[in-house]
Structure formats: structure tokens, C-alpha cells
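There are 2 protein chains.
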Amino acid sequence: MKHTKIVDLLTGKNLLHEVKAKGWVRTFRNNQFIALNDGSTINNIQCVVDLDKFPAELLKKIHTGAALSVTGTLVESQGAGQTVEIQVNKLKVYGEANPEEYPIQPKKHSLEFLRENAHLRVRTNIFGAIMRVRSTLSYAVHKYFQENGFFYFNAPIITGSDAEGAGEMFRVTNLDLNNLPRTEEGNINFKEDFFGKTTNLTVSGQLEAETYAMALGSVYTFGPTFRAENSNTSRHLAEFWMIEPEVAFNDLDDNMDLAEDFIKYVIKYTLEKCQDDLVFLDKRLQDEEKNKPQAERSGMSLLEKLNFVVENNFKRVSYTEAVDILRNCKPNKNKKFKYIIDGWGADLQSEHERYLVEKHFKCPVILFDYPAEIKAFYMRMNEDGKTVRAMDILFPGIGEIVGGSEREERYDVLVEKMKAMGIEEEELWWYLDTRKFGTAPHSGFGLGFERLVLFATGMTNIRDVIPFPRTPQSAEF
Amino acid sequence: MKHTKIVDLLTGKNLLHEVKAKGWVRTFRNNQFIALNDGSTINNIQCVVDLDKFPAELLKKIHTGAALSVTGTLVESQGAGQTVEIQVNKLKVYGEANPEEYPIQPKKHSLEFLRENAHLRVRTNIFGAIMRVRSTLSYAVHKYFQENGFFYFNAPIITGSDAEGAGEMFRVTNLDLNNLPRTEEGNINFKEDFFGKTTNLTVSGQLEAETYAMALGSVYTFGPTFRAENSNTSRHLAEFWMIEPEVAFNDLDDNMDLAEDFIKYVIKYTLEKCQDDLVFLDKRLQDEEKNKPQAERSGMSLLEKLNFVVENNFKRVSYTEAVDILRNCKPNKNKKFKYIIDGWGADLQSEHERYLVEKHFKCPVILFDYPAEIKAFYMRMNEDGKTVRAMDILFPGIGEIVGGSEREERYDVLVEKMKAMGIEEEELWWYLDTRKFGTAPHSGFGLGFERLVLFATGMTNIRDVIPFPRTPQSAEF
Chain G
3 MKHTKIVDLL TGKNLLHEVK AKGWVRTFRN NQFIALNDGS TINNIQCVVD
53 LDKFPAELLK KIHTGAALSV TGTLVESQGA GQTVEIQVNK LKVYGEANPE
103 EYPIQPKKHS LEFLRENAHL RVRTNIFGAI MRVRSTLSYA VHKYFQENGF
153 FYFNAPIITG SDAEGAGEMF RVTNLDLNNL PRTEEGNINF KEDFFGKTTN
203 LTVSGQLEAE TYAMALGSVY TFGPTFRAEN SNTSRHLAEF WMIEPEVAFN
253 DLDDNMDLAE DFIKYVIKYT LEKCQDDLVF LDKRLQDEEK NKPQAERSGM
303 SLLEKLNFVV ENNFKRVSYT EAVDILRNCK PNKNKKFKYI IDGWGADLQS
353 EHERYLVEKH FKCPVILFDY PAEIKAFYMR MNEDGKTVRA MDILFPGIGE
403 IVGGSEREER YDVLVEKMKA MGIEEEELWW YLDTRKFGTA PHSGFGLGFE
453 RLVLFATGMT NIRDVIPFPR TPQSAEF
Chain S
3 MKHTKIVDLL TGKNLLHEVK AKGWVRTFRN NQFIALNDGS TINNIQCVVD
53 LDKFPAELLK KIHTGAALSV TGTLVESQGA GQTVEIQVNK LKVYGEANPE
103 EYPIQPKKHS LEFLRENAHL RVRTNIFGAI MRVRSTLSYA VHKYFQENGF
153 FYFNAPIITG SDAEGAGEMF RVTNLDLNNL PRTEEGNINF KEDFFGKTTN
203 LTVSGQLEAE TYAMALGSVY TFGPTFRAEN SNTSRHLAEF WMIEPEVAFN
253 DLDDNMDLAE DFIKYVIKYT LEKCQDDLVF LDKRLQDEEK NKPQAERSGM
303 SLLEKLNFVV ENNFKRVSYT EAVDILRNCK PNKNKKFKYI IDGWGADLQS
353 EHERYLVEKH FKCPVILFDY PAEIKAFYMR MNEDGKTVRA MDILFPGIGE
403 IVGGSEREER YDVLVEKMKA MGIEEEELWW YLDTRKFGTA PHSGFGLGFE
453 RLVLFATGMT NIRDVIPFPR TPQSAEF
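These protein sequences, in sequence, are chains G and S.
Counting from 1, position 33 in the first sequence corresponds to residue 35 in our numbering; the numbering is continuous, with no gaps.
Counting from 1, position 425 in the second sequence corresponds to residue 427 in our numbering; the numbering is continuous, with no gaps.
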């Protein structure tokens, strides 16, 4: 007899029939009630064991974490909090979990402790919920783009170009570091490396995605990207997943429309599909917040925040307007900001972004038309000659979640900009070709997937929303 | 006025209305007929220009590859091969493409030439078709798993473990190779590297996926994997995308059922969604085959092959049966094989796999129960003590497309096997934990995504089915 997933058993469709469930014991109460979970849902199915029917030495093997196969009749449950349960007829223990050794006991573990046990933490309610939400969000990403005529584009991970400019890169090499080949001049001879030159891990697939947008029209990447930056914060990972749509003929307004519509869609989809997990995470966050001083508490619950994003327009504000607001705001005047805003042109810090989103506008904000000097070489110059068609989307509690722009499609302007920024034309000959042959306006953005998962789950440390986080000094498992 | 994608215009829904299209010129005939393509479909829309309406110097800018915006009335077409066309009223040239310089002219280019222009080759019919099929196959992968209760799992790309054993690995480092830090003993001090130890690019996410399957039940990876092997063949890439489902409580038969059902689903879905692209690729392959000697031609067209896979059962054959067939077959007896099969236990070579699939069974074949000695340490030992519960799926023209197994879930047997194969327990302490706590039978497989795209498109060189291929001595763009 085939077993049925617990998520399907709990619908109660097979009431009074014999069913089989397989999963792991969450708790075993009174030598009678097994709460069994198989990961298909956050909810357990209660399996009721008649003590007299089973040998004591079999029941002794049933501890939290043990793997079981359970066969019995699905009946209406008398207990509170569940609708159906299994009256067990047959019981098989696949694998035990010695309670003296098994780290995941039915009690509250700290997130730090669980991070050290990243290979087991997904067996807890909280990480099970996070990872199911993560999976659903991923699918929503593909669904949105595929249903809107985008093509999935796999940007290369290993890149010979180091001109992407989005951050420090990791080197990829096959050379024997203990015996590096040398040129006659005594330099390392990278011609003998696997790819015949120096290579790095990509920091962004955007430039390559642009070459595809200029042929397929609308494309998106969704893949891992890397930053070799020594940032030990709760918002940075050395390895993270990024989503980068790129659309031919889109200007910056179209780009903002796309980003807003996309984010609303994936959150709405997840609200519909992950109700039980989100209710659990909502309650967890409320419990966490109770321990915080009133002033630090978020005014909204997780579910309220998610619904708010789906139902309200993002506020669109130019960089220049934002600087005016910041210059005149209380924390700036009272010198409560670490970085005081006293003029136009400075890059905004996280404290400023949070002020705008959390205190001033109290909703997601799209900032646009940034000073050219603080933005990347490929962003389109405005008529004013000092701002570029860039946009950042700022989210409450998260900060920057999206960075995008209309791209500089004018060959001469782009070459000029690259010269000014010291980027070699020969490095990016292929990128320049897209402006030389059939160039057209186009726009795109990058969204750090883990920041989206942070927002959707109400978690606060980015290490808790990716299965095996990579950060400075840490690449376990 | 917003523009409409050409794929939507061609449905003819807006007949007699004013429409706008944006795209790139494929051809411009008689100073009158522009074939415009925007990548949304392989089909162009014909735009008819009235010479007298437009200045000659504007029309002079229209060459193959130029980017245009075209506004006009959508009317029924008089010409052959198209149902609707645009009678142009307004015409804007975004970007020209100097025919003296633009490499992608309307003539047959060799695949080698296009590989050197990988940033532009997607502007041809053939690569547009391949990449749309690739995107559709990707989506079908997610759709299949998500609709069948699997959770998407992102395996780490940078790994501190080198025990995966699937092949040579690339090193990832942040050290200054010109000034390597040394320990007192004079060794390279990897404690000063970014992660505080040596790290590599993953060759497989399987071991980590197993830890998630033992909590969430059914999971799958779909991400890049790497092999630093100097294989300059038409079937190997240094960077490729792999799909790795892993399912708790599945035995090897369930695993074979899953793999077969999955492959049939994604091919069926692609047949439905990519009809125009597949018809084009089918015709291309037929033209290619005409240049081959009769004996080397495939008996079936591309569409026939794809339908054959969807409609027929894969043949399941044990390794032992396969060796019997091979030992007694003509090419073995006549010593036509490079590697003669004379006994049980040898690893099968590509020539043997092709014989079984293409000559003997003439359909996809699943081989199972391989000799333990030629397979990985984590595969479950059979009762016979000499074979393991492994399976490979072999496809006509492609060879091995899937490799999988039921995993060794017995702690003691696994530790014994690791010892025998020289794999350190301390390296894989976390993997062993899954067998120590709540172990259960489970199975999974790996499918090289590019091999699937090769099969679905009828292409023969794996460099042609990934946007920017990485191979020995080549990491351009």
C-alpha cells in the first residue's frame, strides 16, 4: 500500500479508510499520541497507538526525530486542534533518534544554535515554514515572468570579465597554488589556468542579460551571484540568489511598473499558497516583538505587512525630493543620523532609507533619478547632465530590495562614460556591440531574492532564509 | 500608444486597428517589405512601407539588425506564409546596424562562427528557437515538481567539502596569489582565506539535498554545477545546470517511475508550448541529415523522437542483463568496440550505451543494479553484496541523461563503505547525522539540464544550448 502525504490526509478525504503515512515524530505523548510530520505541511497528523497492541520494546524506539511508517484507519479526531487522526494498526520504525544525542528536541532552540545545525534545522517548524515559503516564492518568480512572456536566461557564473563593477569578486582557479606556473618575467602565468586567463565568480548577470533582451525582448535571470566583501551583517551573504529581468523598449517608468507589479504578484501568490506557514511565522514574530520595547515594535503584524504591500501603491519619489525631506527632518537637524545630509549628491545610507520608508512615507518607496556620480556606468544620463535614470526600491525593515535603471543605449555617451570611469573598452567589446548594432531603449533591475524571503517570512537575519549560508569565515556543510 | 508583442499581433485579434510593434529588422525587401522580429516568437511580422510616405534618408537606415518602432494598421496579408501584416504609418529607427560591420547577416552562418559571437547569435532563428525551448523546459521542470508537492532547494554553490566525489573541482579563493599568506611551517595559510579554509565550486547538490529531503519529504535542486575536467567534447561543459530531486521513502523503483514521468512531462509540455520553434528545429535537423551518409542518419525526425519518448515506456534492464546482451552482440564479437566486454564488472562506455539504446532496444533504457565498485559510496548495497541500487537513464543520441540511486540509509553500512573508499568521516559528519537521527529509505537522481536541451532541440554540440558556454580555455563574455 502506497503512503499518502500528510497534507493530503489532513483534508479528510479518506475518512474511515485505511491509510498509510510516513514521516518523523515531532512528539510522543503518554505513550499513546504520536504527532507525525512529513514536511509536506507545517501541521502534524496525530497517530493514536493502542498500548496493548504493540510490544513495549517497539514503542520504546519512538522518540522525537524517529522515522516511522504508520498504517491505520483515518477517523475524526476528538482532540482539540485537529480534525482527523490515524488509529494505528501497523507501525514500523525506520530510524531512531537517540534523545541523548539528537540536537533537535521539542523545546525552544536559539536561532544561533540552529544555524550551527543547518543540516537539521529544517526539521523544526520555523525553518520548515521558511523553506516552504522560499520555495513558493521561487516558483511565483518563474510563474510571473513565464506567464508575462519573459524567457529565462542562465547568465554565466564563472566570468572572465571583472568590469561588472557591482562589488569584490572571488577568484576561480584550477592552478596548483603550491606550484604556480610563471611567465618568463616571473608573473603568474594564467594562460595555464583552466580557462586560459583569470576568472571570477559573477556579481551580476545583467550585462549578459542585456545581450539577450536585445534579441528575445523580455528575459530574466534567477541564479546565484557572489560578493567577496567582508560584511558580517544580518543583511549580507557572500553567496545569494538574484533575480534580474531585462526588457527591450522599456523606459524607467515601465521598469518601475514592472518591479511593483512583480513584487505584488509574488507576495500575493505566497499569501494564497502558504497560509499555514505564514500564520505560524506571523505568530512567531508577534511573540518576538513582545520582548521588545514598545518603540522598537513594528506597528503591523507580518500578515498585515504583506497585505499592505499587495494592496497599496509604492510611493515614487525623486532623489532630489528625498534629499529635501531628509535635510529638513528632525533626526538630521538634531544630528541623530550618523551621516548628516547637508547637500545634494551624497549616497543615502541605510538610516536615511529607513527614515523615509518607516517614518516618513510608511510604505514601500521607489527613489529615482540619482546623481550620476554615485551610480554605475551603464545607467542612462538624464537631460540635466547630472542625474541618471536609476531607481531603488526600499522596503520597511529590509532597506534596498531592488536596484535598477534604464540603460544607456547611446553608444557615444556610453563610451564616454566608461572612459571617465576607467573601464576598458576592450574588456566589454561585446557589451558595446549591443549599442553598435540595433540599439534600443531598455531597462531592468536586480532583486536580491533572500531579502524578499526575509520580508515575506518576517525573519531578521539573512542567514536564516537560505539553506546553507556562506559568510566571512563560514562555509560549513 | 503602447506596443504589442509580435506573437500577439500575429493572432490577428486587432485586425483593422492601429497597432504598434517594436523589434529588429530581419530583412528589408524591395525597399518596401520589412520582416520585423521581437524575439517573442520565431515568426516575423511583415511591415509594408509606402515608399512615397517616408523620406529616402530614413529608409536608408533600415538594414538587417536595425531596431525599429513601427505604427500602422493591422490588415490581412496578401503574401504567402503570413496571415496579417502592418500597413506602416509611422516609422522610427532606434538603432542602425551597419551592414559592413554587423556580423549577423541574412545568410547561413556556421555554428562555429556564431559561437564566437555568442552575444549576438541569439538574434538568429536557430538560437532564438533553442533559447526559447530552453526557457520553456526550465519552467516545465519547476512546474512538474511544484505541482507534485516538491520544494525547491538551493544547494550551496561554494562548498567547503571536497568529498562529493563526482569529479575534479574548481578552487574558490580570495587570497592574493602574488602574496600568499604562509603558516609557520611554510604552507599556504588558508585560515586567512575568505571562508577560513579551502573552498571549491560544487559538483553536485545531492548530499545537501538529502538533508532537506529528510525533513521536507520531496525536494529538488535546479542550479549550476561545475567540473574542472579537461574534456573538450561536444557533451561536456565546465559549468552546467543540474536538476537533482531527492525523495524520502522512495525506493529505486519509485525513483525510476519519477524520472520517467518527469522526463515525459517536460517534453510533452515543451511540445505543446514551443510548436513553432520545434517545427523549425525539426526542419533544420532534416536538412543537416540530408548531408550525411544514409547509415548515419537518424531514422526519426526530431518531432517523431520527442513524441516517441512521450508515448513509449522506457525499457528497464539490469546491468547484468545488459552485459549479457553486450557480450554476445556482433560489434563485441567482431571486435568493433574499442573496449571489448568480456566479463561482468566493467564500467560501460559510451559505445556500449549507444549500442543498447540505438541498435538493440531502440528506445530510452534504464539500466539498474550496477556493480558496487564502479559506483559512488552513498548508493545502497543490494543483498547480493556486490551490486548497488543505482540506475542510469540512456537516451538515443545523447547517452547518459540521468544518474541516480536509492541511497544507503543504514549508518553502519555507510560508514563501512566510506572507510573502504578512503572518505573521512569528519568531512561528512553532517551527512552521517541524517543516518544517525531518523534515517529512512530515500532516493534521487541527477539530470544534466543541457543534455535534456540537446535532446529536445536536436542539436549535437552542448556549447550551442547554453547562452555563454564555459569549456577548457574558453570563458568569453
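We put the CB at the ideal spot given by N, CA and C, even for glycine.
For a cutoff of 8 Å on Cβ pairs, would you count residue i as touching chain S?
i, result
"G:SER320", "no"
"G:PHE251", "yes"
"G:PRO158", "yes"
"G:ALA23", "no"
Looking only at its own chain, which residues have a Cβ that is under 8 Å from the Cβ of residue i, when we skip the five neighbours before and after it?
i, result
"G:LEU113", "ASN463, ASP466"
Let me make sure I understand the geometry here. Which of the options has the alpha-carbon closest to that of residue i?
i, options, result
"G:THR235", "G:GLU118, G:ARG453, G:ILE44, G:HIS362", "G:ARG453"
"S:PHE378", "S:GLU313, S:ARG391, S:GLU385", "The identity of residue 378 of chain S in the sequence shown is Ala, whereas the question assumes Phe. Closest by alpha carbon: S:ARG391."
"G:LEU449", "G:ASN293, G:ALA230, G:LEU260, G:GLU170", "G:LEU260"
"S:LYS94", "S:LEU116, S:THR85, S:ILE88, S:LEU70", "S:LEU70"
"S:LYS55", "S:VAL90, S:ALA68, S:GLU418, S:PHE35", "S:VAL90"
"G:HIS111", "G:LYS15, G:ARG125, G:GLU98", "G:ARG125"
"G:ALA230", "S:ALA324, S:ASP195, S:ASN384, S:TRP431", "S:ASP195"
"G:LEU280", "G:GLU306, G:ASN314, G:ILE47", "G:GLU306"
"S:ILE47", "S:VAL72, S:LEU61, S:GLU59", "S:VAL72"
"G:VAL135", "S:ASN156, S:GLY130, S:ARG123", "S:ASN156"
"S:ILE403", "S:LYS193, S:PHE457, S:MET216, S:GLY14", "S:PHE457"
"S:ASN127", "S:SER137, S:SER163, S:ARG28", "S:ARG28"
"G:ASN150", "S:GLU149, S:TYR141, S:GLY345, S:PHE282", "S:TYR141"
Contact criterion: CB-CB distance below 8 Å. Does residue i meet it with respect to chain G?
i, result
"S:ALA477", "yes"
"S:GLN148", "yes"
"S:SER137", "yes"
"S:GLY399", "no"
"S:ILE468", "yes"
"S:PRO474", "yes"
"S:ALA374", "no"
"S:ASP40", "yes"
"S:ALA458", "no"
Under the three-state reduction of DSSP, which class applies to residue i: helix, strand or coil?
i, result
"G:GLN34", "coil"
"S:ILE468", "coil"
"G:PHE192", "helix"
"S:LEU369", "strand"
"G:GLY219", "coil"
"G:LYS317", "strand"
"S:ILE269", "helix"
"S:GLU427", "coil"
"S:PRO333", "helix"
"S:THR175", "strand"
"G:LYS438", "helix"
"G:MET302", "coil"
Work out the CA separation of residue j and residue i for me, nearest whole Å.
i, j, result
"G:MET258", "G:GLU353", "23 Å"
"S:SER476", "S:VAL311", "34 Å"
"G:ILE245", "G:ASP284", "26 Å"
"S:LEU182", "S:GLY169", "26 Å"
"G:VAL21", "G:PRO226", "41 Å"
"G:ARG329", "G:LYS193", "53 Å"
"G:ASN1", "S:LEU179", "The structure shown does not extend to residue 1 of chain G, since chain G spans only 3 to 479, so no value can be given for it."
"S:GLU410", "G:LYS266", "44 Å"
"S:LYS15", "S:ILE400", "42 Å"
"G:LYS7", "G:GLU323", "54 Å"
"G:ASP435", "S:THR175", "32 Å"
Beta-carbon within less than 6 Å of residue i's beta-carbon, same chain only, minus the 5 sequence neighbours each way: which residues are those?
i, result
"S:LEU287", "LEU304, GLY460"
"S:PHE30", "ILE36, ILE64"
"S:ILE159", "THR204"
"G:GLN80", "none"
Can you find the residues in the same chain that come closer than 7 Å, C-beta to C-beta, to residue i, ignoring five residues on each side of it along the sequence?
i, result
"S:ASP10", "none"
"G:PHE152", "SER220, VAL221, TYR222, PRO247"
"G:LYS197", "Checking the sequence, you will find Phe at residue 197 of chain G rather than Lys. Excluding positions up to five away in sequence, the list reads GLY162."
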